[in-house]
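Asks: Chains as they are written, first to last, in the UniProt record's numbering: chain A, 1 to 183; chain B, 1 to 183. Backbone N, C-alpha and C fix where the C-beta goes; we use that ideal spot for every residue, glycine too. This structure is a prediction, so every number in the text was calculated from the model and none was measured. Next up is a structure, given as structure tokens.
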DNA sequence: GGCCTTTCTGCAACTGGTTGCATAAACCCG
DNA sequence: CGGGTTTATGCAACCAGTTGCAGAAAGGCC
């Protein structure tokens with residue numbers, strides 16, 4: 001639902017082609033909104049049909065790149081959407097379903113899954129902290145920089161939460177196993 | 001993706017009909033996995049075809065209720081699934097896209113949206129804390145209770161995070177406005 | 001008993017996102 | 001310069017979840 005607007009934002013930051021967008025989605029915006037290249041191409045086509053973006057003159061490069069830039073109508077639409085009040089999507093986490101399943105069908109191998117999750121969250125947290133140190137440790141705090149920092153902080157907070165939660169969950173599951181005499 | 005297993009879990013806790021499941025999803029499991037009644041009916045049908053659940057003899061009540069119970073194959077499948085290692089779904093949050101949009105197109109009405117979100121998260125947090133006080137303040141900590149508590153704690157942690165983040169975000173956005181002379 | 005409402009079940013169509021595959025241009029290397 | 005590789009674009013089918021609507025059985029009301 002926010003893909004078109006994420007694309008408009010990225011293209012406003014800097015006009016570029018589909019594949020470049022895919023690359024930039026993997027970083028920055030992609031921390032909170034992922035998109036495959038197929039989604040991106042499909043959506044770019046639609047945005048062009050809507051008159052929100054236009055293709056720029058094709059420049060040389062690998063393959064046949066088509067860069068896009070945002071038209072005034074697109075910028076206007078982005079402003080409209082950003083100012084709207086939206087219902088937040090409720091949380092949805094498979095791990096919680098699995099924990100409840102564990103509660104009914106007794107001990108399973110769930111701990112291993114949580115351990116691997118823990119590692120992933122720790123990695124991501126380390127990455128975010130590194131970015132924070134590199135990009136936000138010093139320099140003038142403009143509005144834009146502050147907002148980008150805010151988004152990164154959300155990432156840091158969320159990953160910290162999951163690291164904490166995984167540790168706590170492992171604690172509960174392992175203590176249970178120990179209590180049952182499984183060393 | 002976890003809907004079938006969420007249903008199996010719920011049906012193992014207590015066999016019941018589609019509409020009852022919908023009601024129970026609104027509470028408990030529904031804090032982390034939502035499903036509409038259409039999804040539930042469709043899925044129950046599929047689970048029956050797979051031989052994981054069976055319909056019980058129809059009992060009286062509103063409409064024509066069909067209660068289901070889990071068969072051994074279903075329990076086995078749930079165990080298998082719970083023990084599997086899954087990739088966690090990456091975070092996806094529209095608000096972050098909107099904050100980045102704000103960063104590019106200058107001040108918008110985004111604060112209002114965040115304020116309404118803040119209220120929602122506070123409400124949910126209060127609800128979760130109330131449930132915690134009611135259900136987990138005392139009593140023997142069995143494995144099942146501990147796991148249910150753990151899931152609830154995840155909810156509390158997440159809602160706390162969002163309350164904190166909304167406050168922080170409002171701080172940034174409002175400070176910016178003030179700096180621009182808009183009182 | 002007839003009628004309106006509520007509860008429960010379900011179909012059909014749609015949407016956003018994913019997967020698998022195809023094609024074309026540039027580039028790289030022997 | 002010709003064949004393999006990489007990069008860029010895209011189609012088609014699919015899957016999970018959502019929306020809108022409809023019919024059937026039970027309950028309540030007059």
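Nearest-angstrom Cα distance between residue 182 (chain B) and residue 124 (chain A)?
Replies: Along the second chain, read from residue 1 onward, the residue named residue 182 (chain B) stands at position 182. Along the first chain, read from residue 1 onward, the residue named residue 124 (chain A) stands at position 124. Low local confidence applies: a pLDDT of 49 at residue 182 (chain B) is under 50, so the model's placement there is unreliable, with the coordinate-based value given in what follows. Answer to the nearest angstrom: the Cα atoms are 38 Å apart.
Asks: Could you give the C-beta distance for residue 68 (chain A) and residue 78 (chain A), rounded to a whole number, given that I count them as a contact under 8 Å?
Replies: As a working mapping, residue 68 (chain A) is identified with position 68 in the first chain. As a working mapping, residue 78 (chain A) is identified with position 78 in the first chain. Going by Cβ atoms, the distance from residue 68 (chain A) to residue 78 (chain A) rounds to 14 Å, so no, they are not a contact pair.
Asks: For a test of the three-state rule: what should DSSP assign to residue 137 (chain B), helix, strand or coil?
Replies: Against the second chain, residue 137 (chain B) aligns to sequence position 137. In the structure shown, residue 137 (chain B) sits in coil (DSSP, three-state: anything other than H, G, I, E or B).
Asks: Please list, in chain order, the residues of the UniProt domain "Transcription regulator PadR N-terminal" (7–79) of chain B that have any C-beta partner in chain A closer than 9 Å.
Replies: If the cut-off is 9 Å between Cβ atoms, the UniProt domain "Transcription regulator PadR N-terminal" (7–79) of chain B has 8, 9, 10, 12, 13, 28, 29, 30, 31, 32, 33, 34, 75, 78 and 79 near chain A.
Asks: Just verifying my parser: in three-state terms, what is the DSSP assignment at residue 87 (chain B)?
Replies: Taking the first residue of the second chain as 1, we reach residue 87 (chain B) at position 87. Three-state result, residue 87 (chain B): coil.
Asks: In three-state DSSP terms, what is residue 17 (chain A)?
Replies: Here residue 17 (chain A) corresponds to residue number 17 of the first chain, with the count starting at 1. Residue 17 (chain A): strand per DSSP, three-state reduction.
Asks: Below 7 Å on C-beta distance, what does residue 165 (chain A) contact in chain B?
Replies: In the first chain, the residue the question calls residue 165 (chain A) occupies position 165. Correct list: 154 and 157.
Asks: Which residues in the same chain as residue 108 (chain A) place their Cβ atom closer than 7 Å to its Cβ, once the five residues preceding and following it in sequence are excluded?
Replies: For this step, residue 108 (chain A) is matched to residue 108 along the first chain. Here the set comprises 102.
Asks: Pull up the DSSP beta-bridge partners for residue 70 (chain B), would you.
Replies: By one-based count along the second chain, residue 70 (chain B) stands at place 70. BP columns for residue 70 (chain B) point to B:53.
Asks: Please report the Cβ distance between residue 32 (chain A) and residue 91 (chain B), rounded to the nearest whole angstrom; I am assuming they are in contact, meaning their Cβ atoms lie under 8 Å.
Replies: By one-based count along the first chain, residue 32 (chain A) stands at place 32. By one-based count along the second chain, residue 91 (chain B) stands at place 91. With a Cβ gap of about 6 Å, residue 32 (chain A) and residue 91 (chain B) count as contacting.
Asks: Does the beta-carbon of residue 17 (chain B) have 16 or more other beta-carbons within 10 angstroms, so that it is buried, or is it exposed?
Replies: Here residue 17 (chain B) refers to the residue found at position 17 of the second chain. Residue 17 (chain B) should be labelled buried.
Asks: Roughly how many whole angstroms lie between the Cα atoms of residue 132 (chain A) and residue 141 (chain A)?
Replies: By one-based count along the first chain, residue 132 (chain A) stands at place 132. By one-based count along the first chain, residue 141 (chain A) stands at place 141. So the two alpha carbons sit approximately 13 Å from each other.
Asks: Can you confirm whether residue 105 (chain A), when its beta carbon is compared against all beta carbons of chain B, has any partner nearer than 8 Å?
Replies: Here residue 105 (chain A) corresponds to residue number 105 of the first chain, with the count starting at 1. For residue 105 (chain A), the answer is yes, since a Cβ of chain B falls inside 8 Å of its Cβ.
Asks: With 16 other CB atoms within 10 Å as the buried threshold, where does residue 98 (chain B) fall?
Replies: What you label residue 98 (chain B) is simply residue 98 of the second chain in a count that begins at 1. Result: buried.
Asks: Nearest chain A C-beta to residue 92 (chain B) closer than 8 Å, yes or no?
Replies: The residue given as residue 92 (chain B) occupies position 92 in the second chain. By this cut-off, residue 92 (chain B) is an interface position.
Asks: Look up residue 33 (chain A) in the DSSP assignment and say whether it is helix, strand or coil.
Replies: Position 33 of the first chain, counting from 1, holds the residue named residue 33 (chain A). Residue state, collapsed to three classes: coil.
Asks: With a threshold of 8 Å on Cβ separation, who are the neighbours of residue 48 (chain B) within its own chain once the five nearest residues in sequence on each side are excluded?
Replies: Stepping through the second chain from its first residue, residue 48 (chain B) is reached at position 48. Closer than 8 Å at the Cβ level, and outside the excluded window around residue 48 (chain B), lie 54, 55 and 68.
Asks: Along chain A, in chain order, which residues have C-beta atoms closer than 7 Å to that of residue 169 (chain B)?
Replies: By 1-based counting over the second chain, the position of residue 169 (chain B) is 169. Per Cβ cutoff of 7 Å: 150.
Asks: With distances taken between CB atoms, is the gap from residue 24 (chain A) to residue 35 (chain A) smaller than 8 Å?
Replies: Looking up residue 24 (chain A) in the first chain gives position 24. Looking up residue 35 (chain A) in the first chain gives position 35. It is not a contact, given that the beta carbons lie outside the stated cut-off.
Asks: Please go through the same chain and pick out, in chain order, the residues whose beta-carbon is closer than 7 Å to the beta-carbon of residue 15 (chain A), but skip the five residues on each side of it.
Replies: Translated into positions along the first chain, residue 15 (chain A) becomes position 15. Excluding sequence neighbours, residue 15 (chain A) sits near 56, 67, 68 and 69.
Asks: With a threshold of 8 Å between beta-carbons, can residue 126 (chain A) be considered close to chain B, or not?
Replies: In the first chain, residue 126 (chain A) corresponds to position 126, counting from 1. No, because no Cβ of chain B sits closer than 8 Å to the Cβ of residue 126 (chain A).
Asks: Let me confirm a value: residue 1 (chain B) is counted as buried when at least 16 other C-beta atoms fall within 10 Å, else exposed. Which label applies?
Replies: Working through the second chain from its first residue, we reach residue 1 (chain B) at position 1. Exposed: under 16 other Cβ atoms inside 10 Å.
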